[in-house]
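Numbered according to the working numbering, the sequence shown terminates at residue 389, and the numbering increases by one at each position without gaps. We treat Cβ as the ideally placed atom computed from N, Cα and C, and that holds for glycine.
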Amino acid sequence: MINGEKNVEQPIRWAMVGGGRGSQIGYIHRSAALRDHNFELVAGAFDINPERGKDFGMNLHVDPERCYPDYKTMFEEEAKREDGIQAVSVATPNGTHYEITKAALNAGLHVVCEKPLCFTTEEALELQEIATAKNLVVGVTYGYAGHQMIDQARRMIENGDLGEIRIVKMQFAHGFHSAAVEENSESTKWRVDPKVAGPSYVLGDVGTHPLYISEVMLPNLKIKKLMCSRQSFVKSRAPLEDNAFTIMEYDNGAVGYVWSSCVNAGSMHGQTIRVIGSKASIEWWDEHPNQLRYEVQGQPAQILDRGMDYLYPEALTDDRIGGGHPEGLFEAWSNLYTRFAKAMVAADRREAFDTSWYPGIEAGVEGVRWVENCVRSADNGAVWIEYQ
Ligand code: NAD
């Protein structure tokens, strides 16, 4: 049960790069990091526009002297202070993640980076190498993965409640970009520009979310082969896709499927994962995150609710308010930020942090690797390829 008591001796001195005024994702980083007193926001380079970033930072009660014009100045100046930052979150458009994360690691900072971590597996492995060599934590914000019902699903699968796992069906298919909204939206414009977004749009932007949830639920499943077909229904988005289907074969004989889309007209989020075993199936949907559907073959379907005693104990440890009251995206993110904080403190003390999982550098690497494989398959004519 989480009730706001401290998890770390002292809040970690923390900064943000990006996530400024009007950004889509900045507020939830701050809300998640600050909620349980694990972090203290003491500095930032919040915006590509330095004046706007400073004004914004001051409105967040950050010392004006520590609202920096850019991340390089911030890392340099903070390194000179006794009370300099210990960790930084990167919430900028994709094309900057690699250089900012690398600079942060080289400055000796723990990092929480937005997905995708970078554009190529080679870059991702390089970041992993630096983080490992410097004993630094990198968290990647696959936010909903921190929801308690994901933990419940993980334990049900681990305990054999579904039998042998055969099929994993995933989708993140919303309809918000069914038309060319990028013509009037800055934060959609960069998402369809390969120079800023990278080699994919929806595969990386949304598909990697349920993919990571599947990695949490099924930590031993490894992709062996993959086939991806991608389309640009809004033609101006080519070569980046606004819709993609990916079929995967896992090394244990199970199969998986991911539908990534932003042109699923009428759909709000449409992020679901259904895991099908030889005895039963479970299904989770992010628009109703507190409920997990459990269907045993030959029996009436059951709806398992968050916060109830019949869940596995691991699915109750992060409970804040009990069953019935909804917990959602904000709490899921806060749970992850708590684990990031605990991992950072443990790393600084050279202690193992093995009490829980969190999306770390491996998750970042895997997300980039998956997108790279999907694009390789799609651009070779939607052919089956060996997963590399
Ligand atoms: P956005 O365009 O809405 O906001 C980007 C912010 O970064 C702006 O404040 C901008 O001024 C600032 N910025 C840009 N370049 C900068 C730089 N070099 N230095 C400092 N600040 C800079 O973008 P967004 O939708 O918030 O997305 C940001 C990142 O978050 C993307 O990588 C995106 O994929 C990711 N994202 C993740 C989730 C999730 O669920 N984890 C959801 C949405 C977005």
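Query	Result
Buried/exposed call for T223, threshold 16 Cβ in 10 Å	It is worth fixing the name first, because residue 223 is Lys in this sequence and not Thr. K223 is exposed by the Cβ-count criterion.
Under 7 Å between C-beta atoms of I274 and W285	yes
C-alpha distance - M17 paired with I49, whole-angstrom precision	12 Å
Opening and closing residue of the alpha helix (DSSP H) in which D152 lies	Q149 to E159
Whole runs of the beta strand (DSSP E) within the stretch 219 to 257, excluding any shorter than 3 residues	224 to 232 and 244 to 251
C-beta contact flag for R156 and Y313 at 7 Å	yes
Reduced DSSP secondary structure (H/G/I, E/B, other) of Q87	coil
Of the residues E367, T339, L35 and N291, the one placed nearest P117, counting alpha carbons only	E367
beta-carbon V207 near the ligand NAD non-hydrogen atom, thresh 6 Å	no
Helix, strand or coil at W385 [DSSP, three-state]	coil
Anticipated Cβ contact below 8 Å, H178 with T189, distance rounded	6 Å
Chain-order list of residues whose beta-carbon lies under 8 Å from that of H270 (same chain, five-residue window excluded)	F173, H175, D287 and E288
C-alpha gap between I131 and A302, whole angstroms	48 Å
Cα-Cα separation between W334 and H30, rounded to whole angstroms	8 Å
Opposing strand residues paired with C68 [DSSP bridges]	G45
Alpha helix (DSSP H) runs wholly inside the stretch 322 to 356, at least 4 long, in chain order	330 to 349
Proximal residues to V203 (C-beta, below 7 Å), its chain only, five neighbours per side dropped	E242, D243, N244, A245, S261, S262 and C263
For H111, three-class secondary structure by DSSP	strand
The ligand NAD heavy atom lying under 6 Å from the CB of F115	A small fix is needed here, since residue 115 is Glu in this sequence, not Phe. Checking the Cβ of E115 against the ligand NAD gives yes.
Beta-carbon proximity check, P360 vs Y143, cutoff 7 Å	yes
For L1, the residue or residues it bridges with in DSSP	The first residue shown for the chain is 2 and the last is 389, placing residue 1 beyond what the model contains.
The beta strand (DSSP E) enclosing K170, as first and last residue numbers	I166 to A174
Three-state secondary structure assigned by DSSP to Q272	strand
Delimiting residues of the alpha helix (DSSP H) encompassing W371	I362 to D380
Between the CA atoms of G267 and E115 - distance to the nearest angstrom	27 Å
Under the three-state DSSP convention, the category S261 falls into	strand
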